[in-house]
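Under my numbering, residues 2 to 329 are what the sequence shown spells out, in order.
Think of the CB as a built atom: it goes at the ideal place given N, C-alpha and C, for glycine as much as any other residue.
As the structure is a computational prediction, the values presented were derived from the model and not from experiment.
Comments concern the structure below.
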Amino acid sequence: MPMVSLIVPVYNEHATIAHSLRTILAAADSGMRVADTRRFAEQPQVRPIEGDRLELIAVDDGSGDASAEEIRRAAASDNRIRLLSFTRNFGKEAAIQAGLVHSRGDAVIVLDCDLQHPPNLIPHMVRLWREGWLVVDAVKQQRGNESLAARLYANAFYALFQRLAGLDLRGHSDFKLLDRTVVDAYLAFPERGRFFRGLIHWSCYPSAQIAFSVPDRAGGGGSQWSRIRLLRYAIDNITSFSSMPLRIVSLLGLFTLGVGGIIGAISLIQKFNGQAIGGFTTVILLLVLIGGAILSALGIIGHYLARLYDEVKARPGCVIKPLNREQP
Numbered sequence: 002m003p004m005v006s007l008i009v010p011v012y013n014e015h016a017t018i019a020h021s022l023r024t025i026l027a028a029a030d031s032g033m034r035v036a037d038t039r040r041f042a043e044q045p046q047v048r049p050i051e052g053d054r055l056e057l058i059a060v061d062d063g064s065g066d067a068s069a070e071e072i073r074r075a076a077a078s079d080n081r082i083r084l085l086s087f088t089r090n091f092g093k094e095a096a097i098q099a100g101l102v103h104s105r106g107d108a109v110i111v112l113d114c115d116l117q118h119p120p121n122l123i124p125h126m127v128r129l130w131r132e133g134w135l136v137v138d139a140v141k142q143q144r145g146n147e148s149l150a151a152r153l154y155a156n157a158f159y160a161l162f163q164r165l166a167g168l169d170l171r172g173h174s175d176f177k178l179l180d181r182t183v184v185d186a187y188l189a190f191p192e193r194g195r196f197f198r199g200l201i202h203w204s205c206y207p208s209a210q211i212a213f214s215v216p217d218r219a220g221g222g223g224s225q226w227s228r229i230r231l232l233r234y235a236i237d238n239i240t241s242f243s244s245m246p247l248r249i250v251s252l253l254g255l256f257t258l259g260v261g262g263i264i265g266a267i268s269l270i271q272k273f274n275g276q277a278i279g280g281f282t283t284v285i286l287l288l289v290l291i292g293g294a295i296l297s298a299l300g301i302i303g304h305y306l307a308r309l310y311d312e313v314k315a316r317p318g319c320v321i322k323p324l325n326r327e328q329p
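Have a look at this one:
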């Protein structure tokens, strides 16, 4: 009988995590009719996931609140719940990675703990997996109550990512079911800095899609991600998939060299014709522009060197606290 693993990254969600875990397990346990899918107009009744073949791995990403304690209490009353607790905040990608490493299921489902990834889709995802799909993607059809700025930011990121990396991730999320074959292949990738949804899409395993509308966060409130953190996340993901920024630097250098050659030729012609060479302000502006371009190019190269430095160090992506040990 196959086992299904649920991986739930957690960060500062102590007020709602107990309710979220109960909701996720209840959805996984119950057979229900699932609507709002891209592939099927009508869905038959879905068999429940047997309780003795289900595990939920809650990964506490170094929360500064009582999230780990709440998960520990939930695990004490339901032995299907397992807690992995980081020594500090290592990021969502590290939490997903740790959950995959410690999962035992024949199928693994990754979903957020704030219930914006609807748990009632879990039985249908499992049904599609039983039909033979190796990946089941939950794709955002409606982004919910996001602000205009958040929508614009997301659209800009996906457009730029598609342009530079050649992968269309619009609407994709980390809410996925992966067959054990896919999990093992993902864990075999040697790179340290990973973009989960990008790598799964890049792998091109046979996949089905389920469309969903993003509900409000459990307990209300806004996202845990700040604008600066999102920007850093976007830059890391783009540079992990594409070397195009480095090529742009090369093209910019050739363009600057060409413009400089034209300006130099014009200046020499004017000098030989006895014409005064003026335009001191123009020269200053050109120096500022070229200097800015050089510094920007160095910044891009420096970012790639920093990523290379991280890969060469080969430090673990996270550090997990010892099991069954209380905080001093």
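- Pairing residue 59 with residue 318 gives a Cβ-Cβ distance that is not under 7 Å.
- For residue 246, the uninterrupted alpha helix (DSSP H) run begins and ends at 245–273, by DSSP.
- Nearest to residue 62 by alpha-carbon distance, out of 56, 28, 98, is 98.
- Bridge pairing for residue 82: 57 [DSSP].
- Straight across, the Cα-Cα distance linking residue 187 with residue 137 is about 15 Å.
- Nearest in C-alpha terms to residue 315, of all of 194, 68, 87, is 194.
- When rounded, the separation of the alpha-carbon atoms in residue 118 and residue 139 is 8 Å.
- Residue 117 carries a coil assignment under DSSP once its states are collapsed to helix, strand and coil.
- In terms of Cα proximity to residue 210, the closest of 128, 16, 304 is 128.
- The segment 175–185 makes no contact with the segment 73–84; the number of CB pairs closer than 8 Å stays below 3.
- Comparing alpha carbon positions, the residue from 67, 104, 66, 93 closest to residue 83 is 104.
- In the DSSP assignment, residue 320 falls outside any beta strand (DSSP E) and carries neither an H nor an E.
- Contact between residue 288 and residue 213 does not hold, since their C-beta atoms are separated by about 53 Å, which reaches or exceeds 8 Å.
- When rounded, the separation of the alpha-carbon atoms in residue 258 and residue 229 is 34 Å.
- With respect to the 7 Å criterion, residue 6 and residue 106 are classified as neighbours on the basis of their beta carbons.
- Apart from the 5 residues on each side of it in sequence, residue 166 sits with its Cβ closer than 6 Å to the Cβ of 242, 243 in its chain, given in chain order.
- Excluding five sequence positions before and after residue 185, none of the CB atoms of its chain fall closer than 6 Å to its own CB.
- Relative to residue 217, the option among 126, 147, 30 whose CA is nearest is 147.
- Assignment of residue 16 by DSSP, reduced to helix, strand and coil, places it in the coil class.
- Excluding its 5 nearest sequence neighbours in each direction, residue 69 has C-beta neighbours in its own chain below 6 Å: 61, 86, listed in chain order.
- For residue 143, the uninterrupted beta strand (DSSP E) segment begins and ends at 136–143.
- Taken through DSSP and simplified to helix, strand or coil, residue 27 comes out as helix.
- Exclusion of the five residues before and after residue 141 leaves 172, 174, 213, 215 as the residues of its chain whose Cβ lies within less than 7 Å of its Cβ.
- Residue 297 sits in a helix when the DSSP states are folded into three classes.
- Sequence-distant Cβ neighbours of residue 253 in its own chain, meaning closer than 7 Å and more than five residues away, are 294, 298.
- Rounded to whole angstroms, residue 269 and residue 306 show a C-alpha spacing of 40 Å.
- DSSP places residue 276 outside any beta strand (DSSP E), giving it a letter other than H or E.
- With fewer than 16 other Cβ atoms inside 10 Å of its own Cβ, residue 207 counts as exposed.
- For the segment 154–227, the continuous beta strand (DSSP E) assignments of 3+ residues that do not extend past its boundaries occur at 177–180, 208–214, in sequence order.
- Residue 124: member of the alpha helix (DSSP H) spanning 123–131, first to last residue.
- In the assembly as shown, residue 192 is an exposed residue. Its beta-carbon has fewer than 16 other beta-carbons within 10 Å.
- By the 16-neighbour rule on beta-carbons within 10 angstroms, residue 239 is buried.
- Judged by DSSP in its simplified three-state form, residue 67 adopts coil rather than helix or strand.
- Sequence-distant partners of residue 66 (beyond 5 residues in either direction) whose C-beta falls short of 7 Å from its own C-beta, in its chain, are 13, 15.
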